[in-house]
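Here's the structure we're looking at; comments come further down.
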Amino acid sequence: ASGERTQRPVATPNRALAGAHAQVDQCATCHARRTRLVEDAVAGAPLFDQFVPDNLRPGLYHADGQQLDEVFEYGSYRQSRMYQAGVACTDCHDPHRGRLRADGNALCTACHNPAPDRGRFPGLQAQDYDAPAHHFHRGGGAGSQCVDCHMPSRNYMVVHPRRDHAIRVPRPDLSARTGAPDACTGCHADRGA
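Heads up: the sequence shown at position 49 corresponds to 49 in the UniProt record's numbering, and the numbers run straight through without jumps.
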């Protein structure tokens, strides 16, 4: 009828995304560089009711957001496209055994593969990522593992290796401008950006 106002439908929240983000926040109660707000943290309580995670800031992160100091995993992962897509910690990690759900590239290619799109994360099947055409290295050799390029490792406290969970595409050109490290020139120092 004329003069009637039509009301927009209420946006339905993405429950899967909200659930994945809540899970990441739960893991962050241990796996984040943070300041405690309460004396006795309670398992399962919301992260921000008990802790304030450190921000991305100089001294902790490089100018491009890569981890510099011991920040654990949370701050880096929150920057990632994986986090934005709703990938939760338990998609890759078994929380009960403290291990990855698969070895080597099998972990990543469980979703990133050329099979018909049938999973939670549509659009990942664009190409065969576990191939020299993608990673530019011989199969099975150094540099052919997804984590070699997308999750470079640094040692903290001399003996504790930790992978950067920002899971970024290496950008030697950006690293040349910001002074941040990158996976390509980390191994191929003889080549320029």
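C-beta: ideal position from N, C-alpha, C; glycine also.
At the C-beta level, ALA183 and CYS149 come within 7 Å of one another. Apart from sequence neighbours up to five positions away, the residues of its chain that approach VAL38 with a beta-carbon distance below 7 Å are GLN50, ordered along the chain. Secondary structure of PRO170 (DSSP, three-state): coil. Shown here for TYR156: same chain residues with a beta carbon closer than 7 Å to its own, the five before and five after excluded, namely GLU70 and ARG162 in chain order.
Residue pairing by DSSP puts ALA32 in a beta bridge opposite PHE72. Within the same chain, no Cβ atom closer than 8 Å to the Cβ of ASP103 is found once the five residues on either side in sequence are excluded. Within the UniProt domain "Doubled CXXCH motif" (88-114), the runs of alpha helix (DSSP H) that reach at least 4 residues and sit entirely inside it are, in chain order, 89-92 and 105-109.
Your pair PRO132 and GLY140 does not check out as a contact, with CB atoms roughly 10 Å apart and the cut at 8 Å. The Cβ atoms of ALA28 and TYR83 do not sit closer than 7 Å to each other.
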